[in-house]
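Here is the structure we will look at, set down as structure tokens.
Chains as they are written, first to last, in our numbering: chain A, -6 to 241; chain B, -6 to 241; chain C, -6 to 241; chain D, -6 to 241; chain E, -6 to 241; chain F, -6 to 241; chain G, -6 to 241; chain H, -6 to 241.
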């Protein structure tokens, strides 16, 4: 409800076209609707074709089926993340328009693709083991309408591989760096490009890696100031944030 | 050295205008010069009026004096962060154009201010104790040429204070949220605005706060996906990153 | 044994109505009986219709069957928590009056419901994944004779959902807040209501959530002073404590 | 603003006693004022004689002086916690009605004492070293109008000392247990009384005590279900929560 | 080899009764034989009827079979700890003199029982869930020839149960306290008896219990000075140590 | 009070030699006195010449002076641990019979030395930096009437130094091993002697030593089963426990 | 590409034997090839018969088959580490020249063994449970062409076993010490030999061992300065490093 | 004492040139001297001009003076590490041949320099703040007779600086990498050179750096296999190890 809408309602009250009780009820709801408006800015854009992203982990197949059906009925874009194989198989029986990315553990329903951004997001990773997180990021970027490039296996132990891709990286408006172990590549890339970098620590490694906590902490104490960090293995979050910046 | 430059060099070799030895030497140096060029893109922009930011902690007064003098001689913008009072007092004797912000623990030399961005960065904090970090962020934003707004003491324990400022927050292109304790405000603001949010955990709190580690971890596990995080008390890093996004 | 009882006993000794040996024996037992009496206050109330709550985890089906039979024989209320499906199925064969709540992982035997309190406890949670803990709390509240309300999925990332329920929350005498991730909702609710709040961190989240430790620590360092905290996933403990306060 | 107030405003609009613009403006502010009303319930009670509690740590003397003056001018109750000696001495020069408790590190201004509760809160501690936290709790209880009892040095290594006080403890409506080291007393008291218990871990101990983290964790994993926990050394928080329950 | 033995050897060298080469060889071996002798003191006592204790975890059935056979052939006492069911079943086929304790996860071969000590070790535990560790301790004590008493389920949440057993506990020469959660019982018993107490933290508990680390740390920071601690779930270690003290 | 004492009291009641009121009062105190009896076993022995040990840290000079005076008046042995230099100097003015050990940070008043044990406790340490903890242990052993030997600087990096002392170590009834860093010496000595070993981790080391936590954890996971552990830097606790065992 | 190769290329350009475009393309690749030269030192040696080592964990069988085939086709040495049984069985069907070490979880293809070093590396371990890591180290040493000795089960709890092997250990040019629990053996060996020692903490132990973190930390804080440390269970890394030193 | 020496001694006994008592005494010392021989290899080399390195932290000036005097009297090389300014000033009064390196916090007495190695050790560091550790390493290398190169401030945030030094780094036989923050440079250098690399994490950084623990853990989980790690800030240990390898 805009201020204009409100003034119209008040005029209707004045004119007797709206009863005081009805108007009071509407207005009492207003604070939340007003906040809703704020939220609706966000929601509206979603309803105009942008996908909702659903976190699949911990949701039972019984919870997922009605959600998926709702999107199919409304013919709206949707992405489910952290969806394991067995649940995916059950969901795939609903519609053949549901596309499962096994590596990413994501499933999408994308009846009407969003227009692609001019600029692009570069997703790069240190090792092949980081691929699931890379794919989650890439699927998120895609359904949110972002052009993207994907560069895999450019870890710092063979830094020339990274350098051979540096021009491609520099073309991106935002860079997502996915890495496990010591996560050194985030700092190195941070020193090589001037774009904002979102680092995603992964739980790849063992022992002193501490299930990704070491990578997380190391990335946060990076010596490159253009690096911010999201939670361990959070490819979706990095892509969501990158998409906001890429759409600026 | 561009590909064209290289082809020219090769033609000179072919034509005998360049000796093989000289060409070989030039080419052998190429990789590092090439990287240097990349870095120089960054450096050059700095040299064209953008300030260098110097981390003051751990640098003795003997190290700081020549640095400061170099900037004064070159008449270039500069910001020193994490500069304590006693060092600041000694540096202030060098020139009265050095401006110390005691709360921020920053000192700037800003002979030629950068043009301000149209859009702005909003820096908000949960409590008055977070002020030093807010000020560090604000000083960094300012010298990097960003318009900004500053909102202090809007912690979630009295959430109406936050709501009364929500329109100001929504006008920002980027939001920096500075908070200690449980850092809840980052998630709350993340749910209220659609701009990218950079969360700065602070070491404000005691006991289970663990010198900011709890705040850091809590912000990383935020339920709002438009939140990324920088290191504890890293107001500079948040502002540097925000400035990059704000200049897009 | 009261002081009067004791004096009577001593008089009986004096009068020869009690032998010294018998009196000595009684008095020697006194400290423990005295403590027992204290405990019996508690036990007695339990025996007068209040349920005993049994922690099911780590108890084998062989240990559980006689316990359950004892309650059925005595026709007394009982609640088992942390009871997994397979054990539940085996117990259900004993009596069809045993009611299993699969989400809560609780089983109750409630032949004679306690009278409900006038006042009520509100249990609210940030996300749907917290539901098992919410249900454990609710089952505990119910069998302990508490009126309660249950509000699910009002996390701070969409804070208007919380506000739309605020009146219901304010009606409660005690509020239990169940949340994983950063647990911000405990602080937010703490700022919105003046009732005592018991926060239950859950192990929902990943990476920096540290299996609920981050949520726990964040809730403990909450900026709202009307918040106390129980152990991770401890829906029973929160409800037990809330019930005590609700019965005041 | 109540619903009745709103209906009156709408009637004024209808009757032409209020302009549409003015009414719109008032209503637009409503959501936050509405939340404010909620907050004001809380604030109002404070303004009606209840003290505000100010966290003194990290506030400079320059910040504290105007705060203290404001309360003196308004003649309202006030308590400052975590106030060190040197700041206290400077504040004491303002008025001789400011009373400093050196052990508690609190200062109060209490021109008009609140009426005392009928019921009382018992504060007990394991060792004499916990005294500062006990005193902080006691000062908070007192200014919030609670009757209280204080029992010091009843640690479990000499459990008979605790038993000799058990009747006094059982008379309390709420019990605050303050303990460092292994914090065993919280569980022991939890087993002996049926009142709600708020445990305050203290940073007393060394080595494996981990500055109170061990005590905190131990109390949270207590085997007594009527125990909730607040942050390390948080005597104020425990007392604030206990006061809410004690006033029910 | 004593100094006297050495002098004899040297005299033999002098007298020509021992060749220089043989004497040199003997002396060169001396340091290690000397150490071996020390070890043999220990080994010898083992060989004279005391059981060897074998840590079963991580040893495959292929490794265990020859070990067991060796003891059967030599007709010597032996105890295997941390032996799971499936391995136990395979070993039981070797001999019907192998006795498996399923709760303790121990298997013993005890052809010739050691004489029992006059004094006894008391093993007590806070909860029924600690039983496996109690049983491991008890089996170890038994095969090492110790008289013992076993008291289960005397946790501090119902401290009168502990007091009703206090005389039995006081009769022991050494006390082993097995407890999970906050481990408070170690301190309480430490205050009630003057015997040396060995505390065994168990991994019973959840969340803030941190797989027994909290219990471990809490026991180490116990306020009773007659308490020492062994590793989490280390019933064997506690019993081994207790046996040494009990045999003094 | 023994059962006999109680019977006598009852007889006095019967005979009229004690009033019912007086007897009732005495008996009411009994439960705690009864527990006191247990405690008195301990206390009595203390009153018969054994020292009380007072933990000096966190006790102000105002608290310490009356304690010290009480012991001087009663002419009873006493040991204060963790007493820093400045407090020690103030206490020394009370009496020249107060003996301060600056390295141990202990002060003793020992008017009537206890008879020494036949057997002895060996205190050995890995490095000279562990000396303060060694001295605290030694002072505690001495005042509790234990013969002891002290071996310093036999760390495993030069293991022959340890071997040269092995006979002395083997003569002890109990061994206290004090070590920082990796604490390896506890395991090594554990393998060389069959006596009970009490390991005291110290906070000597830096970085990965984690203020002694690493040493503590390493000692707890020692491969020698005759090792138990006390808290970091807890020389007193180790000695107190060792004294109990040494007096068996 | 060596400088000579480059000069040849330039001469070819000069002579018209190479087109400018082709040469430019080659040279553009050069910086990375140049770095490659550095890397090629490593790679070249690999291509001249040295094995590549592939980390098998996290690589699916679909990823491993083509890798293995590539090495078989090129007839080049190769070692796969962290290869579990089921993958190994599938790979073994490719060629009977693939040799699986079940304990080490490694598979090698070694058509042309490297010449053995004169000097040797000694791999020793504290317990039999460390064997998998020992075997991983040994397999790595072998395929990299190192002579080695292997000593198992010489833990410090029976230090004479270690001493009986000391001469063999002293003959090695580099020593790898593999140990779990408290890792004391690294320090002990560090004090006995003057060779460089690489310590490998293993995750053997339980409770306070913290999955090897305690061992890791303890080894890092070792009192012997000739000890460096690699990650937990990293037998490959230790052997790789040892091989470099052994080939000096 | 070699076997030959021993045989000579025995012959002397046989011939009467040595008394049995004297020989026995010598031989009794032998086991330890034998071990000493091992140690003496080390010691002897030290006595032949190599310095002893003394850890200055925690040693009082009273302990240091006699140590220093002993070396001056014997005219032997010596290095004290971790020596603060005030102690250094007091020691400097003993002799003007004592040279203090204020940045390194080391003091050396080097009357007769060792011959320099042909090969060299390269010490490089990420930032200027790591200089104290670099200097400690360099002083240790120097007094142990190593040629070395020192490269400072080549952090990965400006990786071209590192590349411009790569040839110098590649010339070293051993490389020591000193870095704080995320320690990425260790992995990067590990990928660029084939020499053994010893990484020294420093406590440079703040917040998530965790006083160097993050750097330590990150270096241990490095993706480059030619990297081993020493304790935080342990420049001495790295240099000592590097010197051993450099002298091979």
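Here a beta-carbon is modelled for each residue, glycine too, at the ideal position from N, C-alpha and C.
These numbers were taken from a predicted model, which means no experiment stands behind them.
So, for residue 175(B): in the same chain, excluding its five sequence neighbours on each side, which residues have a beta-carbon less than 6 Å away from its beta-carbon? For residue 175(B), where only same-chain residues beyond five positions count, the Cβ hits under 6 Å are 211.
Local conformation of residue 117(C) per DSSP, three classes: In this structure, residue 117(C) counts as strand in the three-state DSSP scheme.
Against chain E: residues of the segment 204 to 222 of chain D by CB proximity under 7 Å: Here the close residues are 207, 210, 211, 212, 213, 214, 215, 216, 217.
DSSP three-state call for residue 103(D): helix, strand or coil? Three-state result, residue 103(D): coil.
Please name the residue or residues paired with residue 170(E) in a DSSP beta bridge. Looking at the DSSP output, residue 170(E) shares a beta bridge with 117(E), 192(E).
Starting from residue 3(C), find everything on chain F with Cβ-Cβ shorter than 7 Å and list it in chain order. Ordered by position in chain F, the residues that pass the 7 Å Cβ test against residue 3(C) are 6, 13, 16, 17.
For residue 225(D), does the three-state DSSP call read helix, strand or coil? In the structure shown, residue 225(D) sits in coil (DSSP, three-state: anything other than H, G, I, E or B).
For the beta strand (DSSP E) that residue 46(C) lies in, which residues bound it at each end? DSSP places residue 46(C) in the uninterrupted beta strand (DSSP E) bounded by 45 to 48.
What does the Cβ neighbour count give for residue 83(C), buried or exposed, with the cut at 16 atoms within 10 Å? So residue 83(C) ends up on the exposed side.
Assumed close pair residue 206(B), residue 119(B) - CB separation to whole angstroms, cut-off 8 Å: With 8 Å as the limit, residue 206(B) and residue 119(B) do not qualify as a contact, their Cβ atoms being about 17 Å apart.
Could you spell out where the beta strand (DSSP E) holding residue 140(H) opens and where it closes? Where residue 140(H) is concerned, the enclosing beta strand (DSSP E) stretches over 140 to 144.
Rounded to whole angstroms, what's the CA-CA distance from residue 149(F) to residue 224(E)? Just pull it up for me. In this structure, the straight-line span from the alpha carbon of residue 149(F) to that of residue 224(E) is close to 23 Å.
When you check each C-beta in the segment 181 to 196 of chain C against every C-beta of chain B, which residues fall closer than 9 Å? Within the segment 181 to 196 of chain C, the residues whose Cβ lies closer than 9 Å to some Cβ of chain B are 181, 183, 184, 185, listed in chain order.
For residue 94(E), which of helix, strand or coil comes out of DSSP? Reduced to three states, the DSSP call for residue 94(E) is strand.
List the residues of chain E that residue 224(F) touches, going by C-beta distances under 7 Å, in chain order. Going along chain E in sequence order, the residues near residue 224(F) (Cβ under 7 Å) are 213, 214.
Let's test the definition: count the other Cβ atoms within 10 Å of the Cβ of residue 218(B) and tell me whether it reaches 16, buried, or not, exposed. So residue 218(B) ends up on the buried side.
Between residue 32(E) and chain C, is the shortest Cβ-Cβ distance under 8 Å, so that the two count as touching? Because the pLDDT of residue 32(E) is 31, which lies under 50, any placement of that residue in the model is unreliable, and the number read from its coordinates should be weighed accordingly. Using a Cβ-Cβ cut-off of 8 Å, residue 32(E) does not count as an interface residue toward chain C, since no Cβ of chain C sits closer than that to its own.
Give the DSSP bridge partners of residue 220(G), in chain order. Under DSSP, the beta-bridge partners assigned to residue 220(G) are 190(G).
Verify the CB distance criterion: does residue 228(B) have a CB-CB separation below 8 Å to chain H? Cβ-Cβ to chain H under 8 Å: no for residue 228(B).
When the Cα of residue 44(B) is compared with those of 141(B), 136(B), 181(B), 8(B), which residue comes out closest? Sorting 141(B), 136(B), 181(B), 8(B) by C-alpha distance to the C-alpha of residue 44(B) places 136(B) at the top.
By the criterion of Cβ-Cβ separation under 9 Å, what are the contact partners of residue 170(E) in chain D? Simply none; closest approach about 12 Å.
Under the assumption that residue 116(F) contacts residue 169(F) (Cβ atoms under 8 Å), give the Cβ distance between them as a whole number of angstroms. Contact flag correct, Cβ pair sits at about 5 Å.
With a Cβ-Cβ cutoff of 8 Å, do residue 76(C) and residue 100(C) count as a contact? In this structure, residue 100(C) lies closer than 8 Å to residue 76(C) by Cβ.
For the beta strand (DSSP E) containing residue 72(D), list its first residue and its last residue. That run of the beta strand (DSSP E) goes 71 to 74.
Please go through the same chain and pick out, in chain order, the residues whose beta-carbon is closer than 7 Å to the beta-carbon of residue 81(E), but skip the five residues on each side of it. Closer than 7 Å at Cβ, skipping near neighbours: 93, 100.
Give the residues of chain F in contact with residue 201(G), contact being defined as C-beta atoms less than 7 Å apart. The contacting residues are 210, 213, 214.
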